[in-house]
Every structure is written in C-alpha cells, then in structure tokens.
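A short write-up of the structure that comes next.
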Amino acid sequence: MNDPASLKQLAGELQACRRCPLYRHATQVVPGEGPARAKLMLVGEQPGNDEDLAGRPFVGSAGHILDEALEDAGIARDKVYLTNAVKHFKFVPRGKRRLHHRPNAEEVRACHLWYEAERRLVRPLLTVALGATAARSVLGRAETISAVRGKILDLPDGGHATVTIHPSFLLRIRDAQDRTQQKRNFVADLRRAAQFIAS
Ligand code: URA
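Residues 4 to 202 (the numbering used here) are what the sequence shown spells out, left to right.
So, in structure tokens, the structure goes:
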C-alpha cells in the first residue's frame with residue numbers, strides 16, 4: 004500500500020485489497036465514511052449483508068440502532084468518521100441467506116493497516132470501539148468489553164479510545180426491559196464520548 008494522501012485515495016486503494024481471503028466472496032469492500040478531520044471516530048466490526056450490498060458502513064439494522072443512539076446522545080452522524088475493523092463482509096451461506104461470521108484475529112490483523120491509514124488521515128481525538136472485534140483493532144490487544152468499558156484510554160498516536168458494546172448486541176436481547184436498559188447504557192457511553200471531545 005502507498006500511504007494514501009486522502010480518504011478518497013484510501014478508498015480507491017482498498018478496492019484492490021487482497022490481504023486476506025474475505026474479498027473473494029464479498030460483493031465489494033466497504034470503506035469508512037465521514038469528514039476527513041472528524042474529532043470522533045467510531046469503529047465497528049465488519050460490514051453486514053446490507054453494508055456489503057450498499058458499499059457503505061452501518062446502513063442495515065445495526066446501523067439503524069446506532070443512528071437512534073447517536074441522535075439520543077446528541078451526536079450528528081455526519082460529523083463522525085465511521086469505519087470497521089475489517090472492511091469485507093465475512094459470512095456463511097445458508098440457502099439464500101448470508102449469515103454474519105465474526106472475523107478472526109488474523110483477518111483483523113490483515114486489515115489493520117487500512118485502519119492505521121484512516122487514523123493518520125483523520126487524526127481523531129477520540130475513537131469509540133463498538134464491540135470486542137473493534138476493541139482488538141483499536142487497542143491492539145484482545146480485551147473483554149466489561150474490563151475496559153467507559154474508560155478513556157491513551158493510544159500510541161496521541162489519540163484516545165473508549166470501548167462500548169456493538170449495537171447488534173441490542174438486537175439480540177429478547178427481554179424488552181433489559182434491551183431498554185442496555186440501550187440507555189449505550190447512549191450514556193456515546194454521550195460521554197461527545198462530552199470528551201467537547202471538553
Ligand atoms: N456492523 C458493523 O460492525 N459494521 C457495519 O458497518 C454494519 C454492521
């Protein structure tokens with residue numbers, strides 16, 4: 004990879020990525036999106052089925068929950084740089100459906116140089132890792148969410164990071180009361196992130 008001079012150039016170079024086998028079955032690569040100098044970067048796991056088809060991050064059901072939570076936290080989505088730890092959709096076919104399959108540590112590692120290139124261009128003040136896969140990429144080590152959630156951590160490039168749940172976790176909670184509470188906690192994490200970049 005030549006170090007890209009812009010997010011547009013980075014997105015162009017991503018199209019040719021063959022660093023791991025995931026490009027073979029995905030429809031297309033899904034680059035990050037948002038302002039080149041966003042103060043806040045949100046990192047998800049990988050594109051889902053809808054993102055793979057649209058070529059944009061967080062446009063499916065997890066994206067809708069994220070949009071609601073961002074709004075509740077007073078954060079404008081178009082002021083945030085949104086990306087994923089892994090930029091191709093990993094899935095297992097089940098009849099006509101494509102079921103999400105979590106990327107492994109090797110795939111996260113293979114994609115990490117794209118994330119680093121995004122960081123060099125955007126230089127966010129705070130990066131929010133959504134879920135354990137994103138936390139692995141952002142922190143450079145495996146962490147359980149409960150061990151680091153809510154803390155503001157220093158990153159080697161001078162930025163800061165915090166870890167919260169992945170919005171798709173909320174989709175899997177069956178109990179309505181529990182889901183409401185977990186969503187409130189998620190919004191509170193995002194609100195703290197907004198306060199951090201405003202301070
Ligand atoms: N889940 C993610 O982690 N990222 C997306 O872009 C969509 C769903």
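Note that CB positions come from ideal geometry on N, CA and C, so glycine has one too. Since this is a predicted model, take the numbers as computed values, not measurements.
| field | Cβ pair Ala222, Val141 closer than 8 Å | value | A question about residue 222 goes unanswered here, because the residues of the chain that appear run from 4 up to 202.
| task | Measure the Cβ-Cβ separation of Leu133 and Gly47 and say whether it is below 8 Å. | result | yes
| request: For my contact list, Asp55 and Gln31 are in at a C-beta cut-off of 8 Å; report their separation, rounded to the angstrom. | output: 7 Å
| message | I'd like to confirm something about Ser171: is its beta-carbon nearer than 7 Å to some heavy atom of the ligand URA, or not? | response | yes
| query | Between Leu69 and the rest of its own chain, which residues show a CB-CB distance below 7 Å, the 5 nearest in sequence each way excluded? | reply | Phe61, Pro170
| Complete alpha helix (DSSP H) runs within the segment 82-157 (minimum length 4 residues, chain order) | If one requires a minimum length of 4 residues, the alpha helix (DSSP H) runs lying completely within the segment 82-157 are 108-125, 135-142, 148-151, in chain order.
| request: Buried or exposed for Ala197, please, with buried defined as at least 16 other CB atoms from any protein chain shown within 10 angstroms of its CB. | output: By the 10 Å Cβ count, Ala197 comes out buried.
| field | For the ligand URA, residues whose Cβ lies under 5 Å from any non-hydrogen atom | value | Gly47, Glu48, Pro50, Gly51, Glu54, Pro60, Phe61, Ala65, Asn87
| query | Just how far apart, CA to CA, sit Asp178 and Gly15? | reply | Going by the C-alpha atoms only, they are around 43 Å apart.
| said: According to DSSP, simplified to helix, strand and coil, what is Gly47? | reply: strand
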